[in-house]
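Peer 1: Provided herewith is a single structure, encoded as structure tokens, for subsequent inquiry.
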Amino acid sequence: MATRLPLMAGNWKSNLNHQEAVVLVQKLTWTLQDKNHEFAKAEVALIPPFTDIRSVQTLIDGDRLELRYGGQDVSVHDGGAYTGEISAAMLAKLGCSYVIVGHSERREHHGESDATVNAKAHRVLEAGMTPIVCVGEGLEVRQSGDHVSHTLAQVDGSLVGTTPDQVAGLVVAYEPVWAIGTGEVATPQDAQEVCAAIRGRVAETWSAHAAESVRILYGGSVKAANIASIMAQSDVDGALVGGASLQADEFAGICRFYDLPDLSGAIHK
Numbered sequence: 028m029a030t031r032l033p034l035m036a037g038n039w040k041s042n043l044n045h046q047e048a049v050v051l052v053q054k055l056t057w058t059l060q061d062k063n064h065e066f067a068k069a070e071v072a073l074i075p076p077f078t079d080i081r082s083v084q085t086l087i088d089g090d091r092l093e094l095r096y097g098g099q100d101v102s103v104h105d106g107g108a109y110t111g112e113i114s115a116a117m118l119a120k121l122g123c124s125y126v127i128v129g130h131s132e133r134r135e136h137h138g139e140s141d142a143t144v145n146a147k148a149h150r151v152l153e154a155g156m157t158p159i160v161c162v163g164e165g166l167e168v169r170q171s172g173d174h175v176s177h178t179l180a181q182v183d184g185s186l187v188g189t190t191p192d193q194v195a196g197l198v199v200a201y202e203p204v205w206a207i208g209t210g211e212v213a214t215p216q217d218a219q220e221v222c223a224a225i226r227g228r229v230a231e232t233w234s235a236h237a238a239e240s241v242r243i244l245y246g247g248s249v250k251a252a253n254i255a256s257i258m259a260q261s262d263v264d265g266a267l268v269g270g271a272s273l274q275a276d277e278f279a280g281i282c283r284f285y286d287l288p289d290l291s292g293a294i295h296k
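Residue numbers for the sequence shown follow my numbering, so the first one is 28 and each next one is one higher.
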């Protein structure tokens, strides 16, 4: 069975200018060093706004930090006369490891369909980077009980035309949109239910190897206080972290989930 290295990806969204980005990376680095973070136990990736990537790259490369970084979105086009678009080749040239595609905010506010997300995922793969493919349901779907089928349909549509080897190497992030800013609470068991279903769909559609290898993240109000119980779930391989990733101490605590007790009192090793 494949060993999946946990991934903690911090999505900064539309926050921090390039100077503030440098300060946060420095603080996070010092905090992780102070806490003796073991990168062999959890990979750490930063996903800043486009305008911050060059500054983040310069700091990470210059200081030879073990952090990875990436982009929050990408164009479906390879380049050319598409004003305002950022191509996958541009992000790859900056040394990005990851690119988020299909984030719930892109789907909601920009009307991105599964077909669009699929095209973006292919551009990222073609450029030699790893897409973080986001899927998940809203409150109405959750209340109807169709959350699993809805999310699996997004997986199917977003990964059309990918090979088993490609799926084995990419990342899927499950976002329970209904639990973000609604007052509703997603439990670790909620995360496990859908993440397990995603892994099962990958096995059915692509291969057992792809299912064993693909990393499935959870993204929904992740904090240091709840990360250990989330990571105790067998099909959750990490987290796509939003606001908490803007706080060095909090994000470092999330990255070091393996030293925290979960709700049952167990300690991750």
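C-beta: ideal position from N, C-alpha, C; glycine also.
#1: Just reading off the alpha helix (DSSP H) that I281 is part of, what are its end residues?
#2: Rounding to the nearest angstrom, what Cα-Cα distance links T190 and P33 in this structure?
#3: If you draw a straight line from the C-alpha of D276 to the C-alpha of G138, how long is it?
#4: Is T78 helix, strand or coil by DSSP?
#5: Given D141, which residues of its chain have a CB within under 7 Å of its CB, disregarding the five upstream and five downstream residues?
#6: I need the DSSP call for V168, collapsed to helix, strand or coil.
#7: Of the choices A148, H104, A279, whose alpha-carbon is the least far from that of H130?
#8: Would DSSP call M117 helix, strand or coil?
#9: If I80 and A36 are in contact, beta carbons under 8 Å, what's the gap, nearest whole angstrom?
#10: Could you check if E167 is buried or exposed, using at least 16 other CB atoms within 10 Å of its CB as the buried criterion?
#11: What residues match up with Y285 in a beta bridge as DSSP calls it?
#12: Alpha carbon to alpha carbon, how far is C282 from K68? Give it in angstroms, no decimals.
#13: Compare the Cα-Cα distances from G163 to each of D192, G196, G265, A200 and report the closest residue.
#14: What does DSSP give as the partner residue(s) for L267 in the beta ladder?
#15: Three-state secondary structure (DSSP) at I297?
#16: Can you tell me the Cα-Cα spacing of A271 and G122, whole angstroms?
#17: Around the Cβ of E202, are there at least 16 other Cβ atoms within 10 angstroms (buried) or fewer (exposed)?
Peer 2: The relevant details are as follows:
#1: Counted from its first residue, the sequence shown places residue 281 at position 254. First-last of the alpha helix (DSSP H) with I281: 275–282.
#2: Reading the sequence shown from its first residue, position 163 is the one you call residue 190. Reading the sequence shown from its first residue, position 6 is the one you call residue 33. Using only the alpha carbons, I get a separation of about 23 Å.
#3: The sequence position of residue 276 within the sequence shown is 249, counting from 1. The sequence position of residue 138 within the sequence shown is 111, counting from 1. Those two C-alpha atoms are separated by around 35 Å.
#4: Locating residue 78 in the sequence shown gives position 51, where the first residue counts as 1. In this structure, T78 counts as helix in the three-state DSSP scheme.
#5: Working through the sequence shown from its first residue, we reach residue 141 at position 114. Answer for D141: Q181, G184, S185, listed in chain order.
#6: Counting from one through the sequence shown, the residue named residue 168 turns up at place 141. V168: helix per DSSP, three-state reduction.
#7: As a first step, residue 130 must be located in the sequence shown, where it is residue number 103. Closest option to H130, Cα to Cα, is A148.
#8: Position 90 of the sequence shown, counting from 1, holds the residue named residue 117. Here M117 sits in helix by DSSP.
#9: Taking the sequence shown and counting its residues from 1, the one referred to as residue 80 is at position 53. Taking the sequence shown and counting its residues from 1, the one referred to as residue 36 is at position 9. Rounded, the Cβ-Cβ distance is 14 Å, inconsistent with contact.
#10: As a working mapping, residue 167 is identified with position 140 in the sequence shown. Classification for E167: exposed.
#11: On the sequence shown, residue 285 is found 258 positions in, with the first residue counted as 1. Paired residues: none, contrary to the question.
#12: Position 41 of the sequence shown, counted from the start, is the residue given in the question as residue 68. Position 255 of the sequence shown, counted from the start, is the residue given in the question as residue 282. C-alpha separation (whole angstroms): 9 Å.
#13: In the sequence shown, the residue the question calls residue 163 occupies position 136. Taking only the C-alpha atoms, the option nearest G163 is A200.
#14: Taking the sequence shown and counting its residues from 1, one reaches residue 267 at position 240. Beta-bridge pairing links L267 to A36.
#15: In the structure as shown, the chain begins at 28 and stops at 296. Residue 297 is therefore absent and cannot be evaluated.
#16: Residue mapping note: residue 271 aligns to position 244 of the sequence shown, counting from 1. Residue mapping note: residue 122 aligns to position 95 of the sequence shown, counting from 1. Straight-line Cα distance between these residues: approximately 24 Å.
#17: Within the sequence shown, residue 202 is the residue found at index 175, counting from 1. Buried.
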